[in-house]
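Read in full-length UniProt numbering, the sequence shown has 241 at position 241, and its numbers run on one by one without any break.
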Amino acid sequence: MKHHQALNSIKKSRFGARGKAVSLFHKKGLMVNHLKSALVEKEKTLTERSTEIDKLTVKKAWKIIEKIEDELEDGIRFKKDLNCQDYIEKRFTEEIDKRKLNDEKKTHMLMFCKIMSGYLGLYVGDDLKLASANCYEMGGEYDDDNDVILSHGYSLVLKALKEDLTDSSLKFKRNVVSIQWKSEQSTVKVICETEDKTVEEYLADHVIVTCSLGHLKQFHDNLFHPSLPQKKIKAIEKMGFGSVGKIFLYYEIPFWRKEESGIVLAWDSSDDDAWYKSIFKFSTIPTCENVLLAWIHGKASKHMETLSLNEVARTCTDILRKFWKNQEIPEPSLTQTSSWSRDPSFLGAYSYFAVDSHKSCISDIAEPLFVADKPIVCFAGEATDSTWFSYAHGARSSGIREANRILKINSTSK
């Protein structure tokens, strides 16, 4: 199965260029290894009535979900417009109907299916009804379930990656407002604006565009002059771009036991439109023992970003008190949320195959803009990596791919 982990995690296997990035980060003490399955075994799955769904039922439900996901990953051909949500619900119901379950077990199984819709929704960052069942198998797969946890977040990773670069080669706090890519000299003019609206112009033989798919969706019309080819525009529009948010709750004194790793929320009420119903679990963080983390995705994530931190904290506290059946649980001392969907540089989290998209969308987005057979504008970023799209290491490997393309072109032209 594919898994997105709780905090700043990357998969160990095949990260970037044959694992060189992982080796680099390990040498610099930026990582701790963590086995996901050990955490899952310690998690409680609780209903709104604070009753625990027994671990055997959870294990059986997991097996069914894994079987269904394997079917999706095997690339079974579905009707063109079939979405992941409909397929998962249909197959899950079929599987539990084969089993002789009492009403309570069946109800708990169906509740767990709903939990998994939230879990898998994080993988696309959106409602599973918007995700294509036909393209689910496109993503890369890993040999084991070991994860690499970044002990101090991504900021130190970026610091490690740029150690060999001179400060003068990096320009920060500039918005790229125009990429003019057709000229008689076969050069590209890039126009930027600083925070004080100072205009800067750069001429380049090649440009690698690495902005998010969300940014491309919103700004490609005004960013590129002349406009992008229609094939690329259609691919940008058809691919999905999910929204994912994090909610961090810090407590001076943890109210949970040290051996607990969090709770999974089995929502059973009908008010599914409430934004907080997208939260399916609260997790502890191996490197931050006083913090609980909640993930949220899709429209709910975008809505959460519009709320005050106090409102988010109060809502999360109400949820924890309800599921844990403990009115003594305090409000967090500090609350922090992500805001990627509101940040114009990102406007979301990562890409996925929407129902109307197709497998060639990624290669269409990744295809360079040529002038006289010269790849003058290249495209990188996670949405251009056909195997590791949506992953941080997919973004990195795509950048290496385009850098090598430019190096090859220039070495053969000499």
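Quick reminder that beta carbons are idealized off the backbone N, C-alpha and C, glycines included.
- When DSSP states are grouped into helix, strand and coil, Y154 belongs to the helix group.
- In the structure shown, the three-state DSSP call for R401 is helix.
- Runs of the alpha helix (DSSP H) spanning 4 or more residues and lying entirely within the region 209-293 occur at 213-223 and 230-238, in chain order.
- Nearest neighbour of Y202 by Cα position, chosen from L150, A349, L170 and C211, turns out to be L170.
- Restricting attention to R321, A294, V371 and H358, the CA atom closest to the CA of S338 is found in A294.
- Apart from the 5 residues on each side of it in sequence, Q180 sits with its Cβ closer than 6 Å to the Cβ of K189 and H225 in its chain, given in chain order.
- C-alpha of K359 to C-alpha of I409: approximately 27 Å in a straight line.
- Excluding five sequence positions before and after D268, the CB atoms of its chain that fall closer than 7 Å to its own CB belong to T47, E48 and M111, given in chain order.
- Each residue's CA atom was taken as its position, placing G153 and C288 some 11 Å apart.
- By the neighbour-count criterion, in which a residue is buried when 16 or more other Cβ atoms sit within 10 angstroms of its Cβ, K232 is buried.
- Counting C-beta pairs closer than 8 Å gives fewer than three between the region 273-286 and the region 212-228, which falls short of the contact rule.
- Listed in chain order, the non-local C-beta contacts of K302 below 6 Å within the same chain comprise S243 and S341, local neighbours out to five positions each way being set aside.
- CA-to-CA, the gap between S278 and Y391 works out to about 22 Å.
- Rounded to whole angstroms, the gap between the alpha carbons of E95 and D127 is 23 Å.
- Separation of N290 and E252 (C-alpha to C-alpha, rounded to the nearest whole angstrom) is 7 Å.
- Under the three-state reduction of DSSP, C316 is assigned to helix.
- Nearest neighbour of L158 by Cα position, chosen from R396, L82, L407 and T412, turns out to be R396.
- In the displayed model, H108 falls within a helix according to three-state DSSP.
- Residue range K374 to F379 is occupied by the beta strand (DSSP E) that includes K374, with no alpha helix (DSSP H) assigned at that position.
- The Cβ atoms of V377 and V207 lie closer than 7 Å to each other.
- Assigned with DSSP and collapsed to three states, W388 falls in coil, not helix or strand.
- In this structure, L101 is the residue among E195, L101, F92 and S333 with its C-alpha nearest to the C-alpha of L56.
- The beta carbons of T210 and G394 sit no closer together than 7 Å.
- Shown here, Y87 sits in a helix according to DSSP, grouped into three states.
- A direct Cα-to-Cα measurement between R314 and I263 gives close to 18 Å.
- The three-state reading of DSSP puts L46 in strand, counting E and B together.
- Remark: fewer than three beta-carbon pairs, one from each stretch, lie closer than 8 Å, so the region 316-332 and the region 346-353 are not flagged as touching.
- Between F323 and L249, the gap from beta carbon to beta carbon reaches 7 Å or more.
- Residue environment analysis places N175 among the exposed positions, since fewer than 16 neighbouring C-beta atoms fall within 10 angstroms of its C-beta.
- Membership of L72 in the alpha helix (DSSP H) is indicated by the continuous run K55 to E73.
- DSSP places K189 in the strand class (E or B) of the three-state scheme.
- At a Cβ-Cβ threshold of 7 Å, K238 and C361 count as neighbours.
- One Cα belongs to M116, the other to L307, and the distance between them is close to 26 Å.
- Nearest to F255 by alpha-carbon distance, out of L320, K197, A235 and K90, is L320.
- With 16 or more neighbouring CB atoms inside 10 Å of its own CB, A61 falls in the buried class.
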